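In our numbering, the protein residues as written are 1 to 235. Note that CB positions come from ideal geometry on N, CA and C, so glycine has one too. All values reported here derive from a predicted model rather than from experimental measurement. To start, the structure itself, in structure tokens.
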Ligand code: F6R
């Protein structure tokens, strides 16, 4: 595991974007595993700048996102599909038909999980998977549990996650209570993993990368992967 400590969010965003950019330059047909949330916004902005400067070409890139709220369509501005369009896809030359997010409106959740896992498998999983982390150690929406989930599944969100995410909704009651997420197994199938966290994630990141490997801290499973880079703000 490669650990890079940075001074602030700006540096975090630049270093993360440069790793993603290098991936796209080295393999223009990369499958990028992407995350939503506040943390990657700065990295996406830097990627958009690099694209505008003519340094990046996303025309042959494909993407698979980690997760999506159940019940929200891509037109809903709180959905993760909307977030990805708004923060990255609308600003670069990626073909939206090559960008994949679980379908939050799927009625048969089991079938949707199977479809999404099969899709990830058919693409050979992510060449580079970007991850944020929750204060409870979640990655994707894999919440602390008694076992690591192998595949894409539907989860009931923990109260702490609903509270954390409610900042982005008008009222807490609007936050969906369940979500589709890649499993820990799906994430670990990525060829490379890039975990990023701001200053408020220092403690949980250090617990995840130096502590016991346990499903109580889902991100600790990253210790089992052979090519992980962690960048976090640590002063
Ligand atoms: C989002 C995701 C989540 C977030 C995590 C941290 O696609 O997978 O695991 O990465 O909740 O969110 P922020 O960055 O908002 O602190």
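Task: Segment limits, alpha helix (DSSP H) that includes residue 224 - done: Segment: none, residue 224 is in no alpha helix (DSSP H) and carries neither H nor E.
Open item on the list: To test your reading of the DSSP string, which unbroken beta strand (DSSP E) runs of 3 or more residues are found completely within the region 31–98?
Closed with: 31–34, 62–65, 67–69, all fully within the region 31–98.
TODO: State the Cα-Cα distance for the pair residue 234 and residue 199, rounded to the nearest angstrom.
DONE: Within the model, the alpha-carbon separation for residue 234 versus residue 199 is close to 6 Å.
TODO: Rounded to whole angstroms, what's the CA-CA distance from residue 221 to residue 149? Just pull it up for me.
DONE: Rounded to the nearest whole angstrom, the CA to CA distance from residue 221 to residue 149 is 11 Å.
Task: Run of the alpha helix (DSSP H) containing residue 29, from where it starts to where it stops - done: Here residue 29 belongs to no alpha helix (DSSP H), and DSSP marks it neither H nor E.
Open item on the list: Please state the DSSP three-state secondary structure of residue 158.
Closed with: Assignment of residue 158 by DSSP, reduced to helix, strand and coil, places it in the coil class.
Task: residue 77 at chain C interface by Cβ criterion, 8 Å - done: In the structure shown, chain C does not exist; there is a single protein chain.
Task: Beta carbon of residue 7 nearer than 8 Å to that of residue 46 - done: no
Open item on the list: For residue 140 and residue 72, what's the separation of their Cα atoms in angstroms?
Closed with: Distance between the alpha carbons of residue 140 and residue 72 is about 17 Å.
Open item on the list: According to DSSP, residue 195 sits in a beta bridge with which residue or residues?
Closed with: 131, 230
Open item on the list: Three or more C-beta pairs under 8 Å: does that hold for the region 21–31 against the region 164–176?
Closed with: no
Task: Span separating the alpha-carbon of residue 214 from that of residue 183 - done: 15 Å
TODO: Verify the contact flag: residue 199, CB atom, against every heavy atom of ligand 1, threshold strictly below 7 Å.
DONE: no
Open item on the list: If I measure Cβ to Cβ from residue 37 and keep anything under 6 Å in the same chain, skipping five residues before and after, which residues do I get?
Closed with: If you ignore the 5 residues before and after residue 37, its C-beta comes within less than 6 Å of the C-beta of 132, all in its own chain and listed in chain order.
Task: Residue environment, residue 210, which counts as buried when at least 16 other CB atoms sit within 10 Å - done: Residue 210 sits exposed, since fewer than 16 C-beta atoms from the chains shown fall within 10 Å of its C-beta.
TODO: Have a look at the DSSP bridge pairing and note the partners of residue 6.
DONE: 233
Task: Classification of residue 201 by the beta-carbon crowding that lies within 10 angstroms, buried from 16 upward - done: Buried, because 16 or more other Cβ atoms sit within 10 Å of the Cβ of residue 201.
Task: Cβ contact check for the region 100–108 and the region 79–87: 3 or more pairs under 8 Å - done: yes
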